[in-house]
Amino acid sequence: MRLEKQLEIFIVTFNRSNALNKTLNVLLDKSCPVKNCNITVLDNNSNDSTREIVKELQQQHCNLNYLCNRVNIGGNGNIAYAFFLASKKYVWVLADDDSYKWDSFYEVEEAMEKDADAIMVSTYEFPWIDIAQFFIQATFLPSVIYKTSLINAETMLNMTVNIPNLFPHVALVADLINRNITIPIVRHGIVKREPNEDCLDESGKKIRYDRGYKSNSYIHPLFANMNWLSGYANSLYLISDKKERSYLASHSMFQMWPLTSAEAIAYNRKHSNNSIYNLCCIFCVLNLKYKIRFIINIIFYYSLYRIIYIKSNYKADYKKGIIYKQYRLQIFSFLKFHIFKTKFTPKKLLGAHSLQERMSDLIRPKNLYSNIKADSNHSKK
């Protein structure tokens with residue numbers, strides 16, 4: 003199988019020329035398995051040096067393409083547009099600031115040869131634990147390579163409707179879940195999201211992904227105050243089964259709190275001006291049992307939890323291959339004490355390997371990742 007005949011790559015970007023330059027050098031490096039695939043930079047009308055950087059690289063790489071939108075259509079609109087443009091058998095839409103490790107890419111090629119509808123290529127959210135972690139992992143844009151035939155009138159409509167909800171791309175994985183289609187998960191994660199200090203504009207200021215609109219312009223308040231929790235809640239309507247939808251809302255474990263938790267309420271208060279709309283988004287997606295729990299947590303958040311609160315979260319011990327649920331006591335918001343922890347055992351893993359095997363797969367020194375923060379000249383060697 004000639005990979006370049008099967009797979010095309012889109013990189014969505016806006017005003018992050020430094021990060022984009024390093025990402026392109028990683029993808030076009032001689033050691034990279036996708037170096038010969040068509041790579042299209044989908045520029046959301048940047049006003050930095052993005053165009054010049056791509057044009058310079060195009061002189062050395064004929065498979066690198068550049069498209070610039072006439073206006074900024076929003077980061078999520080640009081994501082949907084990338085899928086709309088896809089034409090080869092498989093499409094992989096990437097951000098401009100992630101890191102890569104190619105050891106497991108042979109699994110992607112094997113899955114393509116078996117005509118898989120999609121392949122999950124990120125594992126930092128432990129997507130093999132259950133459907134909740136799987137769906138959360140899919141919210142990370144580059145985590146899934148999709149078969150282009152999935153992009154039809156219906157999924158494109160759902161993608162377009164979900165643009166204001168921050169995750170247009172999950173329309174595709176939701177469609178597969180609704181049709182009960184198995185999606186293979188690579189054993190070693192290929193793409194990883196990690197904090198990137200290099201995501202600065204050319205003046206040295208830190209820049210955000212949801213950017214590009216004039217600060218003095220009027221933006222619809224529901225969109226302006228939307229956060230990733232309410233966006234995720236609204237995205238769950240793409241799941242047709244109501245019980246599964248409610249399970250996804252209430253069983254997230256690691257980098258995202260359950261939508262019913264007091265942490266979600268606190269996040270909305272701090273980052274979204276205490277938006278009632280966001281709380282309603284979460285409330286509406288829940289079943290009766292979790293609606294009651296959510297209301298109780300709202301009441302207690304503004305009363306009892308200000309005095310005393312028991313917080314629980316999950317932690318992974320990679321060496322032992324164990325996941326713990328740990329509990330901490332918080333008094334008056336600043337006195338915090340560890341209480342105890344219990345071992346978490348998944349009921350059924352999404353995959354053939356044991357929990358210990360899966361956990362040990364994630365133990366890798368950081369320098370094994372093809373870090374896009376590395377000097378771009380080094381990547382060219």
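Numbering (our numbering), first residue to last: 3 to 383.
We treat Cβ as the ideally placed atom computed from N, Cα and C, and that holds for glycine.
These numbers were taken from a predicted model, which means no experiment stands behind them.
| Query | Result |
| --- | --- |
| Among 248, 60, 42, which one has its Cα closest to the Cα of residue 10? | 42 |
| Tell me the DSSP secondary structure of residue 122 in three-state form. | strand |
| For the alpha helix (DSSP H) containing residue 271, name the first residue and the last one. | 264-273 |
| Assuming residue 149 and residue 92 make a contact with CB atoms under 8 Å, what is their CB distance in whole Å? | 6 Å |
| Please list, in chain order, all residues of the same chain as residue 64 whose beta carbon is under 8 Å from its beta carbon, the five residues on each side excluded. | none |
| Tell me residue 80's beta-bridge partners as DSSP assigns them. | Paired residues: none, contrary to the question. |
| Near residue 157, which residues of its chain fall below 8 Å by C-beta distance, leaving aside the five closest residues on each side in sequence? | 173, 174, 177 |
| With a threshold of 6 Å on Cβ separation, who are the neighbours of residue 68 within its own chain once the five nearest residues in sequence on each side are excluded? | 43, 56 |
| Any idea what DSSP makes of residue 290, helix, strand or coil? | helix |
| Would you mind sorting residue 160 into buried or exposed? The rule is 16 or more other CB atoms within 10 Å of its CB. | buried |
| Just list the residues that DSSP pairs residue 328 with in beta bridges. | 315, 343 |
| At which residues does the alpha helix (DSSP H) containing residue 159 begin and terminate? | 155-163 |
| Ignoring anything shorter than 3 residues or poking outside the segment 5-39, list the beta strand (DSSP E) runs there in chain order. | 9-15 |
| To the nearest angstrom, report how far apart residue 190 and residue 301 are at their CA atoms. | 43 Å |
| Is it the case that the Cβ atoms of residue 154 and residue 241 are separated by a distance below 9 Å? | no |
| Which of the three DSSP states, helix, strand or coil, is assigned to residue 150? | helix |
| If we count Cβ pairs, one from each stretch, closer than 8 Å, do we get three or more for the segment 256-268 versus the segment 224-235? | yes |
| DSSP on residue 227, reduced to helix/strand/coil? | coil |
| Classify residue 247 as buried or exposed, calling it buried when 16 or more other Cβ atoms lie within 10 Å of its own Cβ. | buried |
| As a quick exercise: from 16, 13, 39, pick the residue whose alpha carbon is nearest that of residue 3. | 39 |
| Count the other CB atoms within 10 Å of the CB of residue 135; is the residue buried (16 or more) or exposed (fewer)? | buried |
| Determine the direct distance from the alpha carbon of residue 111 to that of residue 5, and round the result to whole angstroms. | 8 Å |
| Per the DSSP calculation, residue 194 is bridged to which residue(s)? | 101 |
| Can the beta-carbon of residue 97 be found less than 9 Å from the beta-carbon of residue 15? | yes |
| Quick one: Cα of residue 273 to Cα of residue 166, how far? | 17 Å |
| Taking the CB atoms as reference points, tell me whether residue 329 and residue 342 lie closer together than 9 Å. | yes |
| What are the boundary residues of the beta strand (DSSP E) that residue 59 is part of? | Taken as a continuous stretch (DSSP letters only), residue 59 belongs to no beta strand (DSSP E), being part of the alpha helix (DSSP H) at 52-60. |
| Hey, could you find the ends of the alpha helix (DSSP H) residue 1 is sitting in? | Residue 1 lies beyond the stretch modelled for the chain, which goes from 3 to 383, so this question has no answer here. |
| Are residue 224 and residue 262 touching if we call contact CB-CB under 9 Å? | no |
| If distances are taken between C-alpha atoms only, which option among 120, 220, 103, 83 comes closest to residue 169? | 83 |
| At the level of alpha carbons, what is the spacing between residue 276 and residue 268? | 8 Å |
| Do residue 37 and residue 100 count as a contact pair if the criterion is CB distance below 9 Å? | no |
| Among all the DSSP beta bridges, which residues are the ones paired with residue 187? | 122 |
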